[in-house]
Amino acid sequence: MLLILRYAEGCTPRMSLIHNIQEFLQKNFRIEDINGIINRKCLDIAKSLSKHQI
């Protein structure tokens, strides 16, 4: 994530920043990869939450 922000930090307007991040992701990752990363993160969060429930 830091790499993505570093890549896009040259732009000052907010929309340009978002556009650059999207462009960077599209060039460097397939959609399936991004979805896989997000799904794994969600699973990790769900697991850690279930451990802390009383």
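Residue numbering for the sequence shown follows the numbering used here, beginning at 2 and increasing consecutively. Think of the CB as a built atom: it goes at the ideal place given N, C-alpha and C, for glycine as much as any other residue.
Cβ separation of residue i and residue j, assumed to be a contact under 8 Å, to the nearest whole Å
i     : j     : result
Leu26 : Ile35 : 6 Å
CA-to-CA distance, residue j to residue i, given in whole angstroms
i     : j     : result
Lys42 : Lys52 : 16 Å
Leu50 : Lys28 : 34 Å
Ile46 : Asn40 : 10 Å
Ile19 : Lys48 : 30 Å
Leu44 : Glu33 : 16 Å
Ile22 : Phe30 : 12 Å
- Item | Secondary structure, alpha helix (DSSP H): runs of 4+ residues fully inside the stretch 15–50 | Restricting attention to alpha helix (DSSP H) runs no shorter than 4 residues, the stretch 15–50 encloses them at 15–29, ordered along the chain.
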